[in-house]
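Going down the list, the protein sequences come from chains A and B. Numbering-wise (our numbering), the first sequence opens with residue 1 and increments by one. Numbering-wise (our numbering), the second sequence opens with residue 1 and increments by one. A virtual CB, placed ideally from N, CA and C, is assigned to each residue, including glycine.
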Amino acid sequence: MTVTWPTRMDHDTAAYWQGLSDGKLVLCRCKQCETWIHPPRGRCPECWSDDIGHQSPGGQATLYSYLIQPTAPKQPPEVIGWAELDEQKELFIVAPVEGMPLDNVEIGARLTLGFREQGGTNLPVFRTGDTK
Amino acid sequence: MTGGGPNKVAIVGIGQSTLSRDAGRSVGALALDAVRDAILDSGVPREKIDGVSGIYSTDQPTVWPGYVVEGLGLKNIVWSNCSSPPSANTVTEGILAVAGGACDYAVCYHSKFRWDMVSGAARKDPLRRSPRGAFDPAMNMPLVESCGVPNGMFAAMQRHAHEFGTTREHLGMIVVNNRNWALENEAAVFNDTPLTMEDYLAAPQIAPPLTALDMDMPIDGAMAVVITTAERAADLPNRPAIVEASSNGLTGGTDFFFHAFDSYAAYRVLMDRLWNKSGLTIEDMDLVNIYDGFSSLALEWIEAAFDVRGEAGGFLEDSWDADAGKLTFLGRIPMSTHGGNLGEGRVQGFGHVLEAVRQLRGSAGKRQIDEAKLALVVNGNNPVNAGMILRAG
């Protein structure tokens, strides 16, 4: 499969995609009230400031929910996790979870952010366990 | 006590096309079938129709109001609208237009088609190629595309099961109820296909814990209603369905992928508005037509409608008649007597509106409920939803 990520990018999401190409997860964070914002937005939903900065979270998360499905056509199914980052309640990254058996997915499991190369860029994945 | 404007409003005409896996007609022709039938049913002369309302769809193309106006030669349109989904929003917008006096007789429609993105079989049919690409109003699809575009509604169901102990049997009660009612609806796509709880539990889970039976059946089909003021309705042939209240419900987290877990909060906003606006309660309802695009969406709508958050499982068990394979809430309130999307077919919840009107008119045939005076209709999910309370006029 040949995919060049991203398929679409705008003013709000450019920093996210640039971060991934540099091997980092970069999220929006309000400089005024420090709320983390994902998916990326041009204005803070809490304090309405447009003073939006970008930061990398620590990479530790908890599995909040999941699906089991292939990530690409003709590939075996994987666990797709809603990883709730430690930084903020309901701050989710949706990404494949590696190292968790499909028949024993554990909501509440601790996860650590990683990356895998796909279609010409790095994409976030999570691996089971705390590494810090 | 109205939908929001100075005039009390009523649904006075209903119409629908055939509902089938292959109508042999275009999505546009189906829309014209439904709109024509609704206008004829209403008894309103064609030249008096002065409002047209459609919606764009969440995932697939449909036809805009201009197509219908041209296709049926409607020459006196002073208000038209193409609103956000879900399908009942075409009706709630028409309610507001008539209530506010923007037009006198609005026809509101929705047309669905088994486009090529629905299945491999549809892709092989050259008459089913859709005219445009993916629909992504939340602008987030690229952020999850590497996951094969995960459906947040399924993850929400997993979370619900984790938090509240909801089981496949609970979802099965919703599915089997709707499929059993569809056996009594000759227009339903599953009119002749019985489904037992045993069949349901044996079905393969294609998106655990959901099976194909938990997902509404894609069809070719369209539906429409005609709306006018209650005052004008008195001069028309049908018993009107009076709109006691209509509402949407949106709250903070509305993204399909990243905020998939906030549906109940949105439904709560909508339901509270309906009760407050109408002065009615769930105990006043004689039937509830609950949106079932997925069975798991119906689960949380039931929690909001009956105020049983986190207790849907036990509530369904208490309402379940295993012999009949049907649900009866609070000892007397049936759910979705037409079969819902799961049984009648996927016009994205518009059938729930038409069935409420039929029941309130007393024209639901062998499905007719005794003394049906008040109906609750809820439609869609988070972030696109609508609800209404209808009263027999």
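{"Query": "Residue-level contact to chain A via CB, residue 237 of chain B, 9 angstroms cutoff", "Result": "no"}
{"Query": "Rounded separation between residue 127 of chain A and residue 161 of chain B - CA only", "Result": "23 angstroms"}
{"Query": "Touch test, the stretch 43 to 57 of chain A against the stretch 21 to 41 of chain B, Cβ-Cβ under 8 angstroms, three pairs minimum", "Result": "no"}
{"Query": "Coil, strand or helix - residue 177 of chain B by DSSP", "Result": "helix"}
{"Query": "Min CB distance residue 60 of chain A to chain B below 9 angstroms", "Result": "no"}
{"Query": "Neighbour flag for residue 66 of chain A against chain B, beta carbons, 9 angstroms", "Result": "yes"}
{"Query": "Complete beta strand (DSSP E) runs within the stretch 40 to 71 of chain B (minimum length 3 residues, chain order)", "Result": "51 to 55"}
{"Query": "Pairwise C-alpha distance: residue 82 of chain A and residue 315 of chain B", "Result": "28 angstroms"}
{"Query": "Whole-angstrom distance between residue 271 of chain B and residue 1 of chain B, CA atom to CA atom", "Result": "Here the model assigns residue 1 of chain B a pLDDT of 42, short of 50, so the residue's position is not dependable, and the following value carries that caveat. Roughly 15 angstroms separates the two Cα atoms."}
{"Query": "Residue range of the unbroken alpha helix (DSSP H) whose run includes residue 269 of chain B", "Result": "263 to 278"}
{"Query": "Short CB-CB distance (under 9 angstroms) between residue 86 of chain A and chain B", "Result": "no"}
{"Query": "Close-in-space but distant-in-sequence residues of the same chain around residue 9 of chain A (CB under 8 angstroms, 5 per side omitted)", "Result": "17"}
{"Query": "Every unbroken beta strand (DSSP E) within the stretch 286 to 310 of chain B, with a cutoff of 3 residues, ordered by chain", "Result": "287 to 290"}
{"Query": "Rounded C-alpha distance that separates residue 342 of chain B from residue 33 of chain A", "Result": "45 angstroms"}
{"Query": "Interface partners of residue 148 of chain B on chain A, CB under 7 angstroms", "Result": "69, 70, 71 and 72"}
{"Query": "Burial state of residue 196 of chain B (16 or more Cβ within 10 Å)", "Result": "exposed"}
{"Query": "Whole alpha helix (DSSP H) elements within the stretch 75 to 120 of chain A, 4-residue minimum", "Result": "none"}
{"Query": "Three-state class that DSSP yields for residue 368 of chain B in the structure shown", "Result": "coil"}
{"Query": "Option nearest residue 47 of chain B by Cα separation, candidates B:54, B:53 and B:39", "Result": "B:39"}
{"Query": "CB contact below 9 angstroms: residue 240 of chain B versus chain A", "Result": "no"}
{"Query": "Alpha carbon of residue 200 of chain B to alpha carbon of residue 313 of chain B, nearest angstrom", "Result": "17 angstroms"}
{"Query": "Touch test, the stretch 91 to 104 of chain B against the stretch 380 to 391 of chain B, Cβ-Cβ under 8 angstroms, three pairs minimum", "Result": "yes"}
{"Query": "The stretch 111 to 121 of chain A contacting the stretch 66 to 84 of chain B, beta-carbon criterion three pairs below 8 angstroms", "Result": "no"}
{"Query": "Any chain B beta carbon closer than 9 angstroms to residue 8 of chain A", "Result": "yes"}
{"Query": "Where residue 130 of chain B falls: helix, strand or coil (DSSP)", "Result": "coil"}
{"Query": "9 angstroms Cβ cutoff met for residue 246 of chain B and residue 274 of chain B", "Result": "yes"}
{"Query": "The stretch 104 to 123 of chain B / the stretch 258 to 270 of chain B touching (three or more Cβ pairs under 8 angstroms)", "Result": "no"}
{"Query": "For residue 130 of chain A and residue 93 of chain A, the rounded distance between their alpha carbons", "Result": "16 angstroms"}
{"Query": "Residue-chain proximity (residue 54 of chain A, chain B), Cβ-Cβ < 9 angstroms", "Result": "no"}
{"Query": "Inter-residue spacing [alpha-carbon to alpha-carbon] between residue 1 of chain A and residue 119 of chain A", "Result": "The predicted model places residue 1 of chain A with a pLDDT of 43, which falls under 50 and marks its position as unreliable; any figure quoted below should be read in that light. Cα to Cα, the separation comes out at about 7 angstroms."}
{"Query": "Helix, strand or coil at residue 30 of chain A [DSSP, three-state]", "Result": "strand"}
{"Query": "Alpha-carbon spacing of residue 204 of chain B relative to residue 211 of chain B, whole angstroms", "Result": "6 angstroms"}
{"Query": "Alpha-carbon spacing of residue 338 of chain B relative to residue 96 of chain A, whole angstroms", "Result": "40 angstroms"}
{"Query": "Chain E within 9 angstroms of residue 108 of chain A, Cβ atoms only", "Result": "Annotation note: the requested chain E is absent from the structure, which comprises protein chains A and B."}
{"Query": "Given residue 34 of chain B as reference, the closest of B:188, B:222 and B:165 once Cα atoms are compared", "Result": "B:222"}
{"Query": "Assumed close pair residue 356 of chain B, residue 280 of chain B - CB separation to whole angstroms, cut-off 8 angstroms", "Result": "That pair is no contact at about 14 angstroms."}
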